[in-house]
Structure formats: C-alpha cells, structure tokens
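Some notes on the structure that comes next.
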Amino acid sequence: MEKENNNTTFQERIDKGETIEPKDQMPERYRQQLIRMMSQHAHSEIVGMLPEGNWITRAPSLRRKMILLSKVQDEAGHGLYLYSATETLGASRQEVIDDLLNGHAKYSSIFNYPTLSWADIAVIGWLVDGAAIINQTMLARSSYGPYARAMVRICKEESFHKKQGYEMVATMADGTPEQQEMIQDAVNRWWWPTLMMFGPHDEDSPNSAELIKWGVKSKTNDELRQSFVDRHVQEAHTVGLEIPDPDLKFNEETGHWVFGEIDWDEFWNVVKGNGPMNRQRINTRREAHENGKWVREAAEEYARKQKLSEEKAS
Amino acid sequence: MEKENNNTTFQERIDKGETIEPKDQMPERYRQQLIRMMSQHAHSEIVGMLPEGNWITRAPSLRRKMILLSKVQDEAGHGLYLYSATETLGASRQEVIDDLLNGHAKYSSIFNYPTLSWADIAVIGWLVDGAAIINQTMLARSSYGPYARAMVRICKEESFHKKQGYEMVATMADGTPEQQEMIQDAVNRWWWPTLMMFGPHDEDSPNSAELIKWGVKSKTNDELRQSFVDRHVQEAHTVGLEIPDPDLKFNEETGHWVFGEIDWDEFWNVVKGNGPMNRQRINTRREAHENGKWVREAAEEYARKQKLSEEKAS
Amino acid sequence: MSTATTSKELTEEEALFEYLIRLADDRLILGHRLSEWCGHGPILEEDIALANIALDYIGHAANLYEYAVEIEGEGRHRDDLVYFRNDVEYKNLKITELPKGDFGFTIARQFLFSSYSYYLYQLLSDVEDEQFCGIVKKHFKEVQYHLRHSREWVLRLGDGTEESHERLQNAFDEIWMYIGELFYQDEIDERLQDEGLAVDTESFKADCKEIIIQTLEEATLKVPDFDQYMAEGGRQGLHTEHLGHLLAEMQHLRRSYPDADWE
Amino acid sequence: MSTATTSKELTEEEALFEYLIRLADDRLILGHRLSEWCGHGPILEEDIALANIALDYIGHAANLYEYAVEIEGEGRHRDDLVYFRNDVEYKNLKITELPKGDFGFTIARQFLFSSYSYYLYQLLSDVEDEQFCGIVKKHFKEVQYHLRHSREWVLRLGDGTEESHERLQNAFDEIWMYIGELFYQDEIDERLQDEGLAVDTESFKADCKEIIIQTLEEATLKVPDFDQYMAEGGRQGLHTEHLGHLLAEMQHLRRSYPDADWE
C-alpha cells in the first residue's frame with residue numbers, strides 16, 4: 001500500500017509536470033525504463049561515431065574534414081554526457097558498456113547501415129541528425145531532470161550538425177552530375193532506415209504508452225515520424241532531391257505528407273542483429289575495448305601508486 | 001700438405017674452366033664464400049619483393065598490375081631456387097633465413113630505398129634489373145655449377161623484367177608532363193643507389209680478387225659498373241631522360257662514359273644498416289615469419305599425423 | 001548510381017554485361033585481397049601460390065571485363081570499369097571484399113569461394129555463347145587448382161595443431177554469414193538462364209554444400225549453421241565499408257591522372 | 001618534382017612558402033594519423049582527446065596552408081596543397097607519417113612531437129611577420145595542452161603496469177631513430193632565420209632533450225641513445241612507404257572529381 005501510495009504521488013508529480021531528480025523517489029520500473037533508454041541513447045552516440053568516422057580520412061576538403069571530425073568528437077562527448085546522466089540512476093558506465101559489448105543492450109539501428117560514399121555523410125547529418133532532433137526535442141521536456149537537461153544541450157549541437165549536413169546536401173545537389181547522382185543515391189539508401197529510427201507503429205510499441213504516462217515521452221512514434229516526414233520532404237524538394245517513395249503525396253486537408261509503408265521485416269531483422277553492419281559494429285567496439293584494456297589497467301595502477309605515495313608523504 | 005694439394009687440384013680445375021658440382025671436393029673457404037654470396041642473392045630476391053609489392057594494389061592499369069604481380073612472383077621463385085642451390089652446399093634454408101632475420105646476413109642494399117611513386121616500379125625494372133642482369137650474366141659462367149645454372153634461368157626472366165621496365169619508362173617519358181616529371185624524379189632517386197649495387201671500388205673490395213681467382217666472378221666491380229653505365233646512359237638518352245650526374249661525359253677514345261664519384265658515405269651507411277628502409281624491411285620479413293609460425297607448425301604436425309596413419313595402415 | 005534496374009528494361013546484352021561484371025568484380029576484388037599477401041606469406045611457397053592465384057583471378061577478371069566492354073559496344077576499355085566505378089557501382093559478393101585477415105581467414109575464404117567457383121565454372125563451360133564459354137573453359141583448370149590448394153590447407157590447418165584448429169574454426173565461424181550470397185540470384189540470372197547464358201546456382205548448391213561439409217569434417221572442424229542469417233547486397237552495390245578503402249588505394253593513381261596512358 | 005631547389009634561386013617569399021608548407025604538412029599528416037583513432041580509443045575520454053588534438057593539428061595546418069597560398073599569390077586554394085600534391089612533394093617529417101601503432105606508440109610520438117612543437121611555437125611566437133606570428137600565437141595554448149596531455153600519459157604508461165611499461169619502452173625504442181629529423185634545418189631555415197622569420201632549432205635542442213630525458217626518467221623508462229642513426233629525408237620529400245598509402249586514402253575522393261565543389 002505504501003508503494004502504491006508512493007506511485008500515486010509520483011504520478012501526480014508527473015501529471016503536474018514536475019521534474020524528477022536523481023534523489024527523488026521513483027518507481028523501480030521508471031528507473032529501469034530510463035536506464036534502458038538513456039544507455040541505449042549513449043550507446044547510439046558511441047556506435048554512431050563509426051559510420052561517420054569511416055570518412056574522416058577521406059573527406060574531400062579540409063573544411064569538411066574539420067567539420068566531420070568535430071561532429072564525431074561531439075558525439076563522443078554526448079556519449080560521455082549521457083553515460084554520466086545514466087549513472088545518476090545507479091547504473092555504472094562499466095555495467096552499461098558491458099551490456100553493449102556482450103550484445104544485451106541495443107543502440108539505434110540506423111548505425112547498422114554502412115557509409116558507402118561521402119554523400120552518406122551529408123545525408124546522415126541531414127536525415128539522421130534531423131530525426132534525432134525531433135526525438136530529442138521531445139525528450140528535452142522529459143520528466144527526468146538529468147535526461148531532459150542532457151537533451152537540451154545535445155539538441156543544440158545536433159541542430160548545428162543537421163544544418164551542416166543539409167548545407168552539404170544542398171551543395172552536392174547543386175553540384176556536378178556525379179555529385180547529384182551520389183547524393184540522390186545516398187538519399188535512396190538512407191530514407192527508409194531513417195523512418196525506422198522512430199520505432200514500430202504505435203500499436204506495436206509496447207513501451208510507448210507507459211513512457212508517455214510517465215512523461216518521459218510526450219509524442220508517439222508515429223507522431224514523431226510524421227513530423228519528420230513533413231519537414232524533410234519539404235527540405236528535399238527545396239534542393240531538388242527525390243524521396244524514394246512512390247506512395248508519397250501531400251494531403252491538402254490534413255496538411256501532412258502521406259507516405260508508404262515501411263518494410264517492417266527489414267526493421268525487425270536489423271533490430272534482431274541481422275543488419276548489414278551489426279556484427280561489424282559490435283566487433284569494432286569490442287576490439288577497441290580489448291585493445292584498450294592494458295591502457296586502462298595502467299592508468300588505474302598509476303593512480304593507485306600516486307595515491308599511495310601521496311598518503312605516505314602526508 | 002694434403003689440403004694444399006687438394007687446393008691446387010681444385011685451382012687447376014677452376015683454371016681449366018671446369019664446373020664444380022656439389023659432391024666435388026672444394027676448399028672450405030670456397031664453400032663459405034659461395035654460401036655467403038648465394039644466400040645474399042636469395043635474400044635479395046625475397047626482400048626485393050617488398051618495394052615492388054608495395055605498388056601492386058595501386059598499379060595504374062590492369063595490364064601493369066598483372067605484369068608487376070607476375071614479376072614479384074618470379075622473384076619469390078628465384079629466391080626459392082637460390083635457397084635450394086645454396087642447400088647443395090650444406091646450408092639449410094632455415095639457417096640462412098635465420099641469418100637474414102637476425103641481421104647477420106646481408107641482401108642487396110638497393111632494396112633499402114623506398115618506392116615512392118609508380119615511376120619507381122618502372123625504374124626498378126629498368127635500372128635495378130638491368131644492373132642485376134649484368135652481374136648475373138657474369139655469374140652464369142660461375143665455377144659452381146648449381147649457381148651458374150640458377151643464374152642462367154634467372155637471367156632469362158630478369159631480361160624480360162628489364163624489358164618490361166624499360167617499356168614502362170619509355171611510356172612515361174613519352175607521356176603527360178606529370179608522367180615525365182615523375183619518371184625523371186624516379187631516375188634521379190634511383191640512379192646513384194643502382195651504381196652502388198656493384199659494390200665498392202675494386203681496391204676496397206676484399207673478396208673480389210679471391211672470387212675471380214676461383215672463377216666465381218670473372219669481372220671486377222668497377223668493370224661491371226662501367227658496362228652498366230655505358231648501356232643505361234644510352235638507354236636513358238634514347239627516351240629523353242637525364243642522368244643526374246653533372247660529371248657524366250662520353251670519352252671518345254675509350255668509348256666509355258665517364259661518370260662522377262659515388263657517395264661512398266651513403267653506401268657504407270646503408271650497408272651498415274642505416275639506409276632509409278633497412279629496419280622496416282627486416283621488420284616486415286620478421287613479422288611475416290612470426291605470423292607464419294603457427295601455419296608452419298600446423299603443416300608439420302599434419303604431415304607427421306599423416307605419416308603416422310599411413311604407417312599404421314601399411 | 002547504385003540501384004539495379006529491373007530486367008524488363010534490360011536487353012539481353014545489358015543483362016549479359018551485368019552478369020559478366022559481377023563475375024569479374026568478384027575475381028578482381030578477391031585477387032586484390034590475395035595480392036596483399038605478396039611478401040608477407042607464412043612460407044615462401046605460399047607467397048608464390050597466393051600471388052599465383054591472385055594473378056589467376058585478376059587475369060580472369062581482365063578477360064571478363066574485356067568481353068563485357070565488347071558486348072557493351074561503347075568503346076570503353078576494361079580499365080574504365082576497374083578504375084572509374086565507385087563502390088556502389090561494384091557488384092562483387094561481400095565475401096570477396098573482407099580484409100585478408102590471418103592466413104586462416106584467407107584459407108577459409110579461398111576454400112569457400114573456390115568450392116563455389118568450381119561448380120560455377122564447370123556449368124558455365126556449357127554456356128551458349130562461344131566467346132564467354134571460351135573464357136570460362138580457359139580458366140577452369142586454374143579454378144580446379146584453387147580448390148585443391150585451399151582444400152589441402154583446410155585439412156592441414158584444421159587437423160594440424162590446437163592453435164591452427166582454433167584459428168581456422170574461428171575463421172569459418174566469422175565468414176559464414178557471407179556464404180549465402182554465393183548462391184544469390186535475381187532477374188538478371190533468370191533472364192540469362194532462359195537463354196542458356198547463365199547458371200542456376202540452385203542446381204549446384206547441394207553439391208557445393210556437400211564438399212564443404214565433407215572437407216570441414218575431414219579437417220575435424222565444426223560445420224557452422226547454414227541456416228543462420230546471411231548477408232547480401234553486393235550484387236546491388238550495397239557493400240561493407242571495406243570496399244571503399246580498397247578502391248581508394250586501387251584507383252588513386254589512375255584517377256589522379258585520368259588522361260595519362262600507362263598501357 | 002621532389003628535389004629541393006637551393007636557396008639562392010629562392011626569393012624570401014618562396015622560402016617562407018616552403019617553411020610554412022613544412023610546418024603545415026607535419027600537422028596535417030600527424031592529424032590524419034590521430035584521426036584514425038576516432039571510435040577506436042582505449043577509453044571514451046581519449047577518443048575525445050585524440051580527436052580534439054587531431055582537430056587542432058588539422059586546424060593549424062589549414063591556417064598555415066592558407067597563409068602559404070596567400071604569400072604565393074597565385075590564387076591557389078589551401079586544398080590544392082592538401083589534395084593535389086604527391087608524396088614526393090610533401091615535406092613533413094617522417095615521424096609524423098608512421099602508422100598509428102598501438103596507444104603506446106601514439107603516445108610516444110605525441111610526446112616527442114609535442115615537446116619539439118612546444119619550444120618551436122614558443123620561439124615562433126616572436127617571428128617578425130605579424131600574420132605568421134598571429135597564427136602561431138593562436139595555437140600556442142593548444143600546443144601546451146598537447147604536451148601536458150601526452151606527458152601525463154607517458155608517466156601513466158611508463159610507471160603503470162609491467163605490460164604498459166614494456167609497450168611504451170618498445171614504442172620509444174622503435175620511434176627514436178625519427179627524432180633527429182625534428183631538428184633538421186637547411187638553407188631555407190637559415191635564410192629565413194636571418195630575416196627573423198624562422199627559428200633555429202639548435203637553440204632549443206638542449207631544452208627539448210632535457211624535458212624528454214626528465215619525463216622518461218620520471219616514467220621509469222630507459223632513455224634510448226640520442227647518438228644512434230637518425231632517419232632524415234622528409235624535408236626533401238624522401239618519405240617512408242607509408243605516406244603514399246595515407247595520401248591515396250586522403251586524396252582519392254577529391255582527385256576523383258577535380259571539378260566538383262565540396263566547400
């Protein structure tokens with residue numbers, strides 16, 4: 001009964017729009033759901049460094065190289081920031097990283113697609129960061145304080161990334177025939193996976209209702225996806241790019257773009273681990289972790305020695 | 001006295017131009033000198049695969065890629081053939097390879113220079129193989145049968161390599177301004193190291209007299225170098241390339257080209273191990289050897305098992 | 001750039017061109033990977049053998065590209081296909097572009113690809129196009145040698161030492177998800193099969209599996225699960241991220257001087 | 001293409017152009033090597049730190065190239081220097097082009113290069129050219145951070161575990177032959193030194209050695225022999241074979257479409 005009361009009070013706080021802070025009481029399931037979401041989010045930043053990092057050494061101008069390097073560095077920063085925010089819920093960074101490396105934890109499936117041309121970097125900035133922003137703008141009003149604050153900060157940087165991505169898309173769409181072909185090809189490959197980023201339809205999304213009730217999310221997957229489509233179809237048309245969806249049409253009445261059905265088999269396949277790059281991404285992270293073991297051990301041992309000699313000195 | 005007599009007989013055979021075969025009696029020093037020369041020669045073929053192998057993946061046409069791959073494969077074959085010839089003198093392949101890997105044995109210093117552009121591949125074929133042929137044509141008349149026969153066979157292939165190299169040089173010298181610049185730059189970098197391939201001046205070459213006495217060599221370093229210069233200056237001029245030697249001039253009386261002094265400091269430095277690529281070449285060979293250890297062990301163990309089960313079966 | 005046009009729009013020549021390109025790309029890319037061993041093999045004999053096989057593959061590719069541009073009839077040179085296509089335009093199987101790995105990985109790939117190639121070339125030898133047929137027949141002996149060479153090494157490494165057994169097992173486990181694609185076919189294959197110009201990979205899948213199973217078992221190796229998730233996409237130009245790096249190296253010089261003649 | 005012209009033929013502008021290119025090439029190439037760590041670091045904080053330092057270097061290089069093309073006055077863009085020179089035209093020190101190796105090797109190189117850069121930038125801050133001076137001063141704080149960062153890691157790894165000690169010692173032993181070139185100078189340096197436009201590396205060699213020795217000793221490492229054979233050649237475009245592969249990757253896309261604008 002005590003617990004029930006607590007939850008009621010908790011729900012009342014949520015309903016009043018109050019922000020939950022780390023030391024506040026919260027239902028265990030709320031805490032678990034947030035750990036899951038936030039650590040997934042952190043992992044996505046880290047794994048997301050790989051497809052983009054793949055092109056740093058090949059960027060076609062010094063300016064673009066610096067922008068990309070800086071972007072990937074930002075993502076590492078976001079990851080760090082989100083791991084810290086997750087730690088406020090009692091989940092240590094080591095634990096959640098272990099979960100990633102042993103395959104228990106997920107990360108955004110979009111990063112299981114490969115970057116095959118430079119145009120992919122432009123399109124990721126535009127579409128993938130564009131989709132992330134829509135999601136994160138909502139999460140910036142999340143009921144959990146540390147998450148909401150992390151989102152505010154991250155959102156600001158991602159808006160910048162999206163702007164840079166779209167600028168690159170526009171340059172290529174306005175470039176040589178080869179550049180135009182390259183950028184359209186990248187849009188063709190990334191459009192549908194980006195739509196999948198918002199997750200399954202509302203009716204197939206078991207967590208959604210609960211997360212909305214708890215004020216973690218305030219919109220459903222389908223609502224978010226619709227705003228993404230509305231915004232990005234417009235942006236595509238502005239620079240003369242086609243969206244690879246024959247069913248796409250504008251509905252004058254609703255003011256929304258109607259779009260075709262997502263290939264959910266592909267979606268679930270990639271989620272299950274059978275995407276084009278799942279195994280490679282995890283292998284790469286594992287290798288980095290294993291190769292770094294001796295470094296982390298050395299740092300710990302050195303810190304231990306330092307502490308010891310400081311203690312002796314005092 | 002016995003030994004002295006043997007040696008006299010041996011020298012008589014040499015002087016008569018007879019060929020010494022593995023089972024024949026021979027002075028220990030003759031045997032040792034030949035092991036040294038032949039294994040060095042074998043190592044040179046193997047180490048020589050590296051600078052050229054460096055460009056296989058970047059060859060600018062499919063035809064050139066195949067020619068280069070085939071050439072490098074030939075070199076491996078020469079190495080194998082020469083290791084076998086050396087074994088006729090009682091030096092096992094493993095022993096002589098160990099000597100290479102632990103730095104006791106030498107190989108031609110020319111391979112301690114890096115291949116920095118595709119033009120280097122052309123120039124190596126032309127100049128380095130050209131120099132090798134001059135040396136090997138002489139060695140094909142060497143008093144030691146297995147060495148002489150190896151040289152006949154190798155020389156035939158190397159003449160083909162030189163022809164292909166010179167053809168490439170000619171194509172580039174007749175090509176775009178960039179190709180011309182590239183090929184002249186390569187000639188500038190390889191000319192002097194190639195002249196060094198013939199070794200020190202006769203007066204600084206302690207082994208020469210002895211090797212000539214024993215019919216292993218029939219010309220001195222300086223004689224060989226002169227024939228190289230005479231031939232290759234001509235070939236350079238034919239395709240409009242300059243030789244990077246301000247002192248070069250034709251002596252109408254002798255019919256030979258007079259050329260400038262070699263930088264012997266550089267020569268001895270590279271011989272001592274301080275060339276641009278010495279350490280890297282040996283490291284690469286060592287790594288290949290170490291990485292291959294488990295493979296060689298597996299092959300041995302499998303062979304042992306096979307033999308065992310065959311024995312059981314019979 | 002990448003997305004394959006459907007066969008309806010394709011003439012027979014276009015379909016054959018695509019079919020030849022696929023075969024050629026497989027061999028060019030795998031040949032490239034093998035050529036990376038040059039000077040780095042575990043024993044001199046294998047330096048020679050791998051360079052030799054690399055040369056065979058690149059030679060096969062050269063012949064196939066040459067025939068492809070001839071069929072295309074637009075006066076292109078085979079090198080245009082090699083040096084001036086991007087990775088999304090390459091149609092090789094993913095298995096061919098994976099990094100060379102250790103000698104065990106190279107052998108596992110060689111054995112799997114050679115088993116497939118053996119049956120493929122055997123059947124392609126009967127194709128109803130004299131020139132194509134001639135190319136295939138010319139190379140079939142080499143393909144037989146590739147299979148023999150890699151099979152022997154599978155036995156040696158699998159049934160060699162504990163370390164070699166483990167390394168080779170890991171290699172097969174790692175590469176397994178890429179073997180499904182060996183039997184991939186689409187409307188291009190089907191269209192040409194009707195004309196007797198292409199082989200139905202289904203027709204030799206069982207035989208191919210059989211030789212793989214039999215060899216792995218003889219080598220005391222565990223046969224990984226044929227029904228696991230299998231990666232595809234190469235035939236549509238949807239590659240791993242490895243191919244782009246390979247092409248950057250392969251094409252850099254040639255693309256730097258597009259007007260230069262190198263013969 | 002490669003061979004350096006002697007200073008007699010060079011105007012002051014040409015000498016300064018060459019001097020700037022040398023400085024810029026060092027930073028571009030080392031930045032490239034560091035950027036290869038991105039996503040592969042031993043801990044997230046180091047992923048960030050190494051990317052950050054890479055970005056600093058590439059930023060320094062960009063500023064230096066920009067000033068160089070301004071001085072040259074032929075309307076070239078800084079990217080022309082980056083993407084359209086071949087390896088024999090690059091003038092970076094060999095130490096910057098060596099493959100990244102393990103984290104120990106990267107740290108050893110960072111520490112050695114940062115020690116050198118620290119003194120170099122300190123003295124370059126007084127150079128008698130306002131714009132050049134401004135570029136250097138803007139970056140000096142970053143250079144100080146690079147030294148601090150790498151020095152701390154030398155201590156951690158050197159005086160950490162047995163394994164880390166051994167790895168770092170090997171790294172220093174391996175890289176040592178490339179540090180002589182840090183102090184290389186020729187007629188271009190001398191010519192500019194007279195004009196107060198370049199730094200005499202001899203003037204800080206002792207200090208630089210001192211900080212290296214002191215740090216290695218504090219890290220319980222053996223200081224390799226300063227008098228051993230030292231590799232040179234980078235300033236004349238005579239590189240190791242690594243640079244060509246680096247450039248193939250770096251330049252492939254840009255060279256593939258020389259007329260395209262990427263901003």
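Chains C, D, S and X, in that order, give the protein sequences.
One point on numbering: in full-length UniProt numbering, the residue at position 189 of the first sequence is 189, and numbering is uninterrupted.
One point on numbering: in full-length UniProt numbering, the residue at position 79 of the second sequence is 79, and numbering is uninterrupted.
One point on numbering: in full-length UniProt numbering, the residue at position 202 of the third sequence is 202, and numbering is uninterrupted.
One point on numbering: in full-length UniProt numbering, the residue at position 232 of the fourth sequence is 232, and numbering is uninterrupted.
For glycine and all other residues, C-beta sits at the position ideal for the given N, C-alpha and C.
Here the structure is a predicted model, which means the values were calculated and not measured.
In or out: arginine 156(S) buried (at least 16 other Cβ within 10 Å) or exposed?
-> Counted from its first residue, the third sequence places residue 156(S) at position 156. Buried, since its Cβ has 16 or more Cβ neighbours within 10 Å.
Proximal residues of chain S, C-beta to C-beta of arginine 63(D) below 7 Å = Here residue 63(D) is taken as the residue at index 63 of the second sequence, counted from 1. Residues of chain S with a Cβ closer than 7 Å to the Cβ of arginine 63(D) are, in chain order, Glu263.
Over the uninterrupted alpha helix (DSSP H) stretch that includes asparagine 221(C), give me the two end residues.
-> In the first sequence, the residue the question calls residue 221(C) occupies position 221. Per DSSP, the continuous alpha helix (DSSP H) segment holding asparagine 221(C) begins and ends at 221–238.
Identify, in the order they occur along the chain, each residue of the same chain with its Cβ nearer than 6 Å to the Cβ of glutamine 228(X), setting aside the five sequence neighbours on each side.
-> For the purposes of this step, residue 228(X) is taken as residue 228 along the fourth sequence, with counting starting at 1. Within the same chain, glutamine 228(X) has no close Cβ partners at all.
Keeping to the same chain, check which residues put their C-beta closer than 8 Å to that of glutamine 40(C); ignore five residues upstream and five downstream.
-> To locate residue 40(C), count along the first sequence from 1; it is residue 40. So the list reads Ala105, Lys106, Tyr107 and Ser108, once near-sequence residues are dropped.
Given arginine 189(C), which residues of its chain have a CB within under 6 Å of its CB, disregarding the five upstream and five downstream residues?
-> Translated into positions along the first sequence, residue 189(C) becomes position 189. Within the same chain, arginine 189(C) has no close Cβ partners at all.
For leucine 112(S), I'd like the list of residues in its chain whose CB is within less than 6 Å of its CB, leaving aside the five on either flank, ordered along the chain.
-> Counting from one through the third sequence, the residue named residue 112(S) turns up at place 112. Cβ neighbours of leucine 112(S) beyond the five flanking positions: Ile179.
Proximal residues, the region 177–195 of chain D versus chain X, C-beta separation under 8 Å = Taking 8 Å as the Cβ-Cβ cut-off, the region 177–195 of chain D approaches chain X at Glu181, Met182, Gln184, Asp185, Asn188 and Arg189, given in chain order.
Of the residues Ile46(D), Asn102(D) and Gly165(D), which one's Cα is nearest the Cα of alanine 131(D)?
-> The sequence position of residue 131(D) within the second sequence is 131, counting from 1. Cα-wise, what sits closest to alanine 131(D) is Gly165(D).
Which partner residues of asparagine 251(C) appear in the DSSP bridge assignment?
-> By one-based count along the first sequence, residue 251(C) stands at place 251. Residue pairing by DSSP places asparagine 251(C) opposite His256(C) in a beta bridge.
Taking all protein chains shown into account, decide if phenylalanine 226(S) is buried (16 or more other Cβ within 10 angstroms of its Cβ) or exposed.
-> As a working mapping, residue 226(S) is identified with position 226 in the third sequence. With a threshold of 16 other beta carbon atoms within 10 Å, phenylalanine 226(S) falls short and is exposed.
Which same chain residues, not among the five before or five after methionine 1(X), have their C-beta less than 6 Å away from its C-beta?
-> In the fourth sequence, the residue the question calls residue 1(X) occupies position 1. Because the pLDDT of methionine 1(X) is 39, which lies under 50, any placement of that residue in the model is unreliable, and the number read from its coordinates should be weighed accordingly. Counting only Cβ-Cβ distances below 6 Å, and skipping sequence neighbours, we find Val88.
Cβ contact check for the region 206–219 of chain C and the region 275–286 of chain C: 3 or more pairs under 8 Å | Touching, no, given that fewer than three Cβ pairs across the two stretches are closer than 8 Å.
Establish whether the CB of valine 68(C) and some CB of chain S are separated by less than 8 Å.
-> Numbered from its first residue, the first sequence carries residue 68(C) at position 68. Reading off the sequence, residue 68(C) comes out as leucine, not valine. Chain S contact via Cβ: absent.
Return the chain-ordered ranges of every alpha helix (DSSP H) run that is complete within the region 151–201 of chain D and spans a minimum of 4 residues.
-> Taken in chain order, the complete alpha helix (DSSP H) segments of 4 or more residues contained in the region 151–201 of chain D are 177–196.
Contact set between arginine 58(D) and chain X, taken where Cβ atoms lie within less than 7 Å = In the second sequence, the residue the question calls residue 58(D) occupies position 58. In chain order, Ala248 make up the part of chain X whose C-beta sits under 7 Å from the C-beta of arginine 58(D).
Neighbourhood of aspartate 99(D) by C-beta, 8 Å cutoff - its chain only, sequence neighbours within 5 removed = Looking up residue 99(D) in the second sequence gives position 99. Correct list, in chain order: Ser39 and Ala105.
Could you list the residues in the region 61–95 of chain X with a C-beta less than 7 Å from some C-beta on chain C, going in chain order?
-> So the list reads Ala62, Arg78, Asp79 and Val82, given in the order they occur along the chain.
How is tyrosine 144(C) classed by DSSP in three states: helix, strand or coil?
-> The count along the first sequence starts at 1 and reaches residue 144(C) at position 144. Collapsing the DSSP output to three states places tyrosine 144(C) in a strand.
Shortest alpha-carbon distance to threonine 19(D) belongs to which of Glu252(D), Pro200(D) and Arg141(D)?
-> Along the second sequence, read from residue 1 onward, the residue named residue 19(D) stands at position 19. Measuring from the Cα of threonine 19(D), the nearest candidate turns out to be Arg141(D).
Hey, does glutamate 18(X) have any beta-carbon neighbour from chain D nearer than 8 Å?
-> As a first step, residue 18(X) is located in the fourth sequence; it is residue number 18 there, counting from the start. Cβ-Cβ to chain D under 8 Å: no for glutamate 18(X).
Under 6 Å Cβ to Cβ from residue 339(D), same chain only, skipping five residues before and after it: list those, please.
-> No answer is possible for residue 339(D): it lies beyond the span of chain D, which begins at 1 and ends at 314.
Span separating the alpha-carbon of glutamine 185(X) from that of methionine 177(X) | The residue you call residue 185(X) lines up with position 185 of the fourth sequence. The residue you call residue 177(X) lines up with position 177 of the fourth sequence. Spanning the two alpha carbons is a distance of roughly 17 Å.
Within 8 Å (strictly less), CB to CB, does tyrosine 257(S) reach chain D?
-> Within the third sequence, numbered from 1, the residue matching residue 257(S) stands at position 257. So yes, tyrosine 257(S) belongs to the interface.
Unbroken alpha helix (DSSP H) run spanning asparagine 52(S), endpoints | Against the third sequence, residue 52(S) aligns to sequence position 52. Membership of asparagine 52(S) in the alpha helix (DSSP H) is indicated by the continuous run 44–72.
Three or more beta-carbon pairs under 8 Å between the region 150–168 of chain X and the region 82–101 of chain X, yes or no?
-> No, the region 150–168 of chain X does not touch the region 82–101 of chain X.
Using the DSSP secondary-structure output, state which residues sit across from isoleucine 20(D) in a beta bridge.
-> Taking the second sequence and counting its residues from 1, one reaches residue 20(D) at position 20. The partner list for isoleucine 20(D) (beta bridge, DSSP) reads Tyr144(D).
Sequence-distant residues of the same chain with beta carbon closer than 7 Å to glycine 145(D), five excluded per side = What you label residue 145(D) is simply residue 145 of the second sequence in a count that begins at 1. Around glycine 145(D): Thr19, Ile20 and Glu21.
Would you mind reading off the limits of the alpha helix (DSSP H) that contains tryptophan 176(X)?
-> On the fourth sequence, residue 176(X) is found 176 positions in, with the first residue counted as 1. For tryptophan 176(X), no alpha helix (DSSP H) run applies, since DSSP gives it neither H nor E.
Closest to glutamate 290(C) by CA distance: which of Arg31(C), Pro51(C), Lys16(C) and Leu101(C) is it?
-> As a working note, residue 290(C) is residue 290 in the first sequence. That would be Leu101(C), whose Cα lies nearest to the Cα of glutamate 290(C).
Three or more beta-carbon pairs under 8 Å between the region 108–127 of chain S and the region 76–91 of chain S, yes or no?
-> Contact between the region 108–127 of chain S and the region 76–91 of chain S is absent, because fewer than three Cβ pairs lie under 8 Å.
For a contact meaning CB atoms closer than 7 Å, what does histidine 245(X) contact in chain S?
-> Position 245 of the fourth sequence, counting from 1, holds the residue named residue 245(X). Contact note: histidine 245(X) reaches chain S through Glu249, using a C-beta cutoff of 7 Å and chain order.
Close beta carbons around serine 7(X), own chain, < 7 Å, minus the five adjacent residues each side | Counting from 1 along the fourth sequence, the entry for residue 7(X) is found at position 7. In this prediction, serine 7(X) scores a pLDDT of 43, lower than 50, which makes its location untrustworthy; no coordinate-derived value is stated.
Using DSSP with H/G/I as helix, E/B as strand and the rest coil, what is phenylalanine 111(X)?
-> In the fourth sequence, residue 111(X) corresponds to position 111, counting from 1. Phenylalanine 111(X): helix per DSSP, three-state reduction.
Could you confirm whether any beta carbon from chain C is found closer than 8 Å to the beta carbon of tyrosine 145(S)?
-> For this step, residue 145(S) is matched to residue 145 along the third sequence. Output row for tyrosine 145(S): interface = no.
Give a yes or no on whether the C-beta atoms belonging to glycine 39(S) and alanine 54(S) are separated by under 8 Å.
-> Against the third sequence, residue 39(S) aligns to sequence position 39. Against the third sequence, residue 54(S) aligns to sequence position 54. Their beta carbons are not under 8 Å apart, which means glycine 39(S) does not touch alanine 54(S) by this criterion.
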